């Protein structure tokens with residue numbers, strides 16, 4: 018096969034893939050005449066964050082930090 022034959026085959030494949038991609042994208046982007054719903058974002062309160070943070074005893078947190086320091090020096 019000549020260079021131009023190979024090039025044409027490659028370009029045809031790329032063109033086909035592009036058409037399939039655009040077809041798939043148009044299916045995904047169909048809105049069906051509906052207004053998109055606003056998604057609620059749930060942000061945890063400061064109190065709940067503090068509660069989770071205080072569940073771990075301070076000695077466990079300090080042990081983790083010291084063990085990480087030991088690993089980094091090895």
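Numbering (this note's numbering), first residue to last: 18 to 91. Just so it is clear, CB atoms sit at the ideal spot from N, CA and C, and this is done for glycine as well. Bear in mind that the values here come from a model prediction, so they are computed numbers and not experimental data.
*Quick one: what does DSSP say residue 18 is sitting in, helix, strand or coil?*
Position 1 of the chain shown, counted from the first residue, corresponds to residue 18. DSSP places residue 18 in coil when its eight states are reduced to three.
*Ends of the alpha helix (DSSP H) at residue 65?*
Here the question's residue 65 lines up with position 48 in the chain shown. From DSSP, the alpha helix (DSSP H) with residue 65 extends over 63 to 70.
*Is residue 59 helix, strand or coil by DSSP?*
Indexing the chain shown from 1 puts residue 59 at position 42. Coil at residue 59, not helix or strand.
_Rounded straight-line distance, which links the Cα of residue 43 to that of residue 36_ = Mapped onto the chain shown, residue 36 falls at position 19. Mapped onto the chain shown, residue 43 falls at position 26. Distance between the alpha carbons of residue 36 and residue 43 is about 11 Å.
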